[in-house]
Amino acid sequence: MPKLWTETIDAHRAAVRDAALDAMAALVAEHGLVSLTMSQIAEKAGVGRATLYKYFPDAQAVLTAWHERQITAHLDRLTAAADPAEPAFVRLQAALQTFAQIQYHSARHHGGELATMLHRGEHVDRGQQRLREFVRKLIAEAAEDGDLRDDVAADELAGYCLHALTAAGTLGCPDAVHRLVAVTLAGLNAPAPLDFGGTAHDRRGDGADQT
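Residue 432 in our numbering is what sits at position 149 of the sequence shown, and the numbering runs on without skipping anything.
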């Protein structure tokens, strides 16, 4: 088959697939997940039901494929936010801010029923692993630069950041999201040395002789 034909067929297949995924997203936003059918998805996508079945066996498969596309898009956003020309800590700040915003806006566009169905499966696990590794590398680099604490493993700190910022989905306004990011980043700072000043005897006596 000539290369041009192959490219045209591939482009057509990609267009049909994208149309189906966009249709699924629109239907879920409009009606939720109750009784979604392949016929509804096909009609919304502007393709025949038989054509849709060539790409997906059922509505759940369409939903899973759409979510996988969303995860990839989110990871691409995080990567784009971390300008390679900036120091690692600045890139980390930008990436975590973007992650928190994604959590915040996703919670408003997708209800609890959808979140429960989507946040399971191998594609989710792969996405989470890629995300954690991306953040881990930024933290490790920033720690090497002396901008972050180095007394805790970078992988543990990456997990801390991602778990903490997932709570952005429960917040009520963008300002609260910014505050959450600031508090999370503060936890990455090198701990200050404890200095209470003087001895325990001195501190006990500070107020004992006041009359």
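For each residue, glycine too, the CB sits at the ideal point set by N, CA and C.
For the alpha helix (DSSP H) containing Ala368, list its first residue and its last residue.
-> Segment: none, Ala368 is in no alpha helix (DSSP H) and carries neither H nor E.
Specify, as a first and last residue, the run of the alpha helix (DSSP H) that Thr320 falls within.
-> Run containing Thr320: none; DSSP gives neither H nor E here.
When the Cα of His295 is compared with those of Met307, Leu335 and Ala473, which residue comes out closest?
-> Leu335
Three-state secondary structure assigned by DSSP to Leu304 = helix
Is the Cβ of Cys456 closer than 9 Å to any Cβ of chain E?
-> The structure shown contains no chain E, having only a single protein chain.
From Val495 to Arg409, what distance separates their C-alpha atoms?
-> Any question about residue 495 goes unanswered here, given that the chain covers just 284 to 494.
Rounded to whole angstroms, what's the CA-CA distance from Thr449 to Gln353? Just pull it up for me.
-> 16 Å
His350, buried or exposed, once every other Cβ within 10 Å from all chains shown has been counted against 16 = buried
Beta-carbon separation of Phe382 and His357 under 9 Å?
-> yes
Whole-angstrom distance between Thr362 and Phe248, CA atom to CA atom | Residue 248 lies beyond the range of the chain shown here (284 to 494); nothing can be said about it.
Which same chain residues, not among the five before or five after Ile385, have their C-beta less than 6 Å away from its C-beta?
-> His357
First and last residue of the uninterrupted alpha helix (DSSP H) at Gly507 | No information on residue 507 is available, as it lies outside the stretch 284 to 494 that the chain covers here.
Do you know offhand how far Val299's Cα is from Leu379's?
-> 34 Å
Opening and closing residue of the alpha helix (DSSP H) in which Pro457 lies | Pro457 to Ala469
Which of the three DSSP states, helix, strand or coil, is assigned to Asp359?
-> helix
Compute the distance between the beta-carbons of Arg432 and Leu421, then report whether it is under 9 Å.
-> no
Roughly how many angstroms lie between the CA atoms of Thr494 and Thr467, to the nearest whole one?
-> A caution first: Thr494 carries a pLDDT of 44, below 50, which makes its placement in the model unreliable, though a value can still be read off. Roughly 45 Å separates the two Cα atoms.
Contacting residues, own chain, Cβ-Cβ under 6 Å from His484 (five flanking each side not counted) | With a pLDDT of 48 at His484, under the threshold of 50, the modelled position of that residue is not reliable, and no figure is offered here.
Just mark Ile292 as buried or exposed, buried being the case when its beta carbon has 16 or more other beta carbons within 10 Å.
-> exposed
How many Å lie between Ala303 and Val345 at the Cα?
-> 7 Å
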